[in-house]
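Taking it in order: structure first as structure tokens, then the write-up.
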Amino acid sequence: MIHAVDTILSLALLSILFSFGSSRLPALIKVLAFQGIVVSVVPLFIVQDMSTGSIVFTLVTLAIRGIVIPGCIYLAIKKVAIQREVEPIVGYHASILAGLLLIVGATFASHHFDAPYSAVSVLLLPTAIALLGAGMFLLMARRNAIAMVLGYIMMENGIYLVGTTFSIRARHIVEFGILLDVLAGVMIMAVILQNIKQTFDDVDTARLRTLKE
Amino acid sequence: MVEIVFLIPLFTGAAAFFLPPKIGRLLLVLTGAVHLILSVMVWTARPAPIFPEYFALTPEGLLSLLVISLLFFLISIYTIAYLKASELWRETIFTGSMLLFLATMTMVTLSDHIMVMWIAIEATTLASAPLIYTHRSAASLEATWKYVLICSVGIAMALLGSVLVTVAMDVGNVDAPISFSAMAVVARQMDPVWLKAGFVFILVGYGTKMGLAPMHTWLPDAHSEAPSPASALLSGVLLNCAYLGIFKTNKIMHAAGLEGFSGPILVVFGLISITAAATFILKQTEYKRMLAYSSIENMGIIAFGTGIGGLGAYGAMICLIHHSLIKSSLFLTSGNILLGFGSRLIQQTGDLAGRMPKTFIAFFGGFAAISGFPPFGIFIGELLIVVAAFRAGHYVGAVFLLLSLCVIFAGLAHNVMKISFDPGDTPARITESASLVWPQYALLATSLVLCFWMPDTLYQTIKHAVSAIGGGF
């Protein structure tokens, strides 16, 4: 039987492939915003008998992950007028193939874990693992600093998926703290990005190589 | 009312952003003094926290709190003189971030909840990022970018680890609060597979922040680009805070009877760090980077000692305390050298003994202390760790440790001799103000005194702390 959750999660998996294939930064940000929204609504479908507080919390998460964080980065790009390519180290077609392999690998890996909620959704653990791996991939396979920040956000999406659905005990105030930390982190990264652009006239991290052994 | 210890610097830090620089400097020292007084009061009175689910007084936390407090107070006095001597862009950002940094680090030492701990450690990254970017050069920008990105990704791993630890509770059907102290009680009922996975992720995550190789790459850049008072805080205190996260998780592992899993991993990471430090320290051309690699070495020694347990865990705690005192004094001294010679390159310095005699005493004393010469605490700590390693049968590890220590000593000594005695181009004396040297003297003296006379309460607290990870005599 296919649950509603699995349908939603399959969208998250698709977003990984889209993100690997997108060459322009604005497109990548849109994919990430979509993914943030998809990931945030998952608890609504999994946890039964949600209290009003939980629903409000989920909506706030959705607003931050789906709108505020991508908006922040979008503004950072606009301010410094970069509408450029993501400067891949691994090409787009190879990236998409890697994405497919990643999803298959994540599905295989998830069979080895005895996870709670596996009865509710078959795709939950594979998606979480795939998002983590995909975030790592973007961090390593793109030289553009903004694409790297987006990779970090994708990793956080994966962790959020593991966190909110597996564990019922993390209190909302704590989760909210985590969310704020991530938000502040992204904002600081956006500020640094603007400075990198001003100083180096580019956000290609290949130029950041004066400090090394 | 324990929370007040981190709330005060939080408020003064936020205020310092908007106040004129002169008041900000005053606020820095005042907050440092109040923080020290409060920490001593917390140490003696042990008040109950307002939010017992999130915060608690633990022996290891109290130790770190006292070290942070003392260090920050002395560093704040130094900072005033340093700020007068060097022109900083937007000084208010610097002082404000210093205070926020203090607040977040204090929060780390007091937090007992696994997620609050994560939030606090991530907050230290965010609060300290502006400190590294103080000089606003291309290199400092690069260092800040690396620092924020590598540490954020690392700490995301720690978040995953923390989540996996709570999953271990769910799978084991344990109903307890997710605080470190409560989890240590129910650890045996938790699912061991998920707990192990959680530990590995937490170790990699907080290990990134602690500067364990191979995740250490941000550390030399950040430490060398930050202004010296900030480097002293980063090296002396921040690394301890990250270690605290690993220590507390290791406590759960011990309570769960999984020390056979966590110990060897810590030993391996420790040895990799020591070896990496030994490899890179030999060819350093900048003295601040050299000190940064020495920090990686010491963190490696601490992880090694913690992994071995027994006498080694006690030695690791001793090393942790003394490394904070000595390394922060060395970084402050490196600030004097930078002010005097105007360059971070070892080649551009020389004849420190003749040109800046007061700084030279602090520098050479710090060098002797950090290399593990007898009257200082690192000697005792390292000796205990080596003895423990031989006792536990880790012969290969102990030999590796000793060899690397020799190489590191050679590398350090070579550069320190160059800086101190190489004939410089001009023999002119460089003026040194007293407040730029006596905080270092105070730090080194504290380390010296603690070797010969340790207050009983301190000794008991260390013993109590390490007994949870199988440490002690």
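So the sequences go chain by chain: A and B. Read the first sequence against this note's numbering and you will find it ends at 213, with the numbers running on by one and no gaps. Read the second sequence against this note's numbering and you will find it ends at 1473, with the numbers running on by one and no gaps. We treat Cβ as the ideally placed atom computed from N, Cα and C, and that holds for glycine. Model, not experiment: these values are computed from the prediction.
- When 7 Å is used as the limit between beta carbons, A:Ile196 is near these residues of chain B: Leu1141 and Trp1145, in chain order.
- When the alpha-carbon of B:Cys1319 is set against those of B:Trp1089, B:Val1466 and B:Leu1027, the nearest one is in B:Val1466.
- Nearest neighbour of B:Leu1330 by Cα position, chosen from B:Tyr1287, B:Tyr1314 and B:Met1299, turns out to be B:Tyr1287.
- When DSSP reads this structure, B:Leu1345 sits in a beta bridge with B:Glu1286.
- For B:Gly1172, no alpha helix (DSSP H) encloses it, and the DSSP letter there is neither H nor E.
- Counted as a single uninterrupted DSSP element, the alpha helix (DSSP H) harbouring B:Ile1419 occupies residues Tyr1395 to Phe1421.
- Shown here, B:Phe1376 sits in coil according to DSSP, grouped into three states, outside any helix or strand.
- In the DSSP assignment, A:Lys212 falls outside any alpha helix (DSSP H), carrying neither H nor E.
- No Cβ-Cβ contact shorter than 9 Å links B:Ala1256 with B:Ala1176.
- Taking CB atoms only, B:Trp1118 has a neighbour in chain A less than 9 Å away.
- Distance between A:Phe176 and A:Pro43, taken at the CA atoms: about 15 Å.
- Any Cβ of chain A closer than 9 Å to the Cβ of B:Arg1136 would place that residue at the interface, and such an atom is present.
- Each residue's CA atom was taken as its position, placing B:Leu1070 and B:Leu1036 some 6 Å apart.
- Only residues of its own chain outside the window of five on either side were considered, and among them Leu1219, Leu1239, Ser1295, Ile1296 and Met1299 have a CB closer than 7 Å to the CB of B:Gly1211, listed in chain order.
- In the DSSP annotation of this structure, the continuous segment of the alpha helix (DSSP H) that includes B:Glu1091 starts and ends at Glu1091 to Leu1110.
- When the alpha-carbon of B:Gly1309 is set against those of B:Gly1335, B:Gly1472 and B:Leu1352, the nearest one is in B:Gly1472.
- In this structure, DSSP gives B:Pro1047 a state outside helix and strand, which the three-state scheme calls coil.
- The distance from the Cβ of B:Gly1393 to that of B:His1254 is about 19 Å, inconsistent with a contact at the 8 Å cut-off.
- A:Val31: member of the alpha helix (DSSP H) spanning Leu25 to Ile46, first to last residue.
- Look at B:Ser1179 here: in three-state DSSP terms it is strand.
- Of the residues assessed, B:Asn1250 falls on the buried side of the cut-off, its CB having 16 or more other CB atoms within 10 angstroms.
- When B:Ile1023, B:Ile1321, B:Ala1445 and B:Pro1357 are compared, the shortest CA-CA separation from B:Ser1420 is found for B:Pro1357.
- For A:Met154, no chain B residue has a C-beta closer than 9 Å to its own C-beta; the minimum C-beta separation is roughly 10 Å.
- Exclusion of the five residues before and after B:Thr1106 leaves Val1005 and Phe1006 as the residues of its chain whose Cβ lies within less than 6 Å of its Cβ.
- With contacts defined as CB atoms closer than 9 Å, B:Thr1109 and B:Leu1062 qualify as a contacting pair.
- Between B:Phe1101 and B:Gly1207, the C-beta spacing is not below 9 Å.
- Beta-bridge partners assigned by DSSP to A:Asp204: A:Asn144.
- Among the CB atoms of chain A, none fall inside 9 Å of the CB of B:Ala1056.
- In the structure shown, the three-state DSSP call for B:Phe1055 is strand.
- Contact annotation: B:Thr1134 and B:Thr1104 have beta-carbon atoms that are not nearer than 9 Å.
- The CB of B:Asp1221 comes closer than 9 Å to the CB of Leu211 and Lys212 in chain A, given here in chain order.
- By the criterion of a C-beta distance shorter than 7 Å, A:Gln194 is surrounded in its chain by Ala76, Lys79 and Val80, once the five residues flanking it on both sides are discounted.
- Within the DSSP secondary-structure output, B:Gly1310 pairs in a beta bridge with B:Gly1471.
- Taking a 10 Å sphere around the C-beta of B:Phe1011, we find fewer than 16 other C-beta atoms and assign the residue as exposed.
- Following the DSSP letters along the chain, one finds B:Trp1438 inside the alpha helix (DSSP H) bounded by residues Trp1438 to Phe1452.
- A:Leu11 and A:Leu150 have their alpha carbons spaced roughly 18 Å apart.
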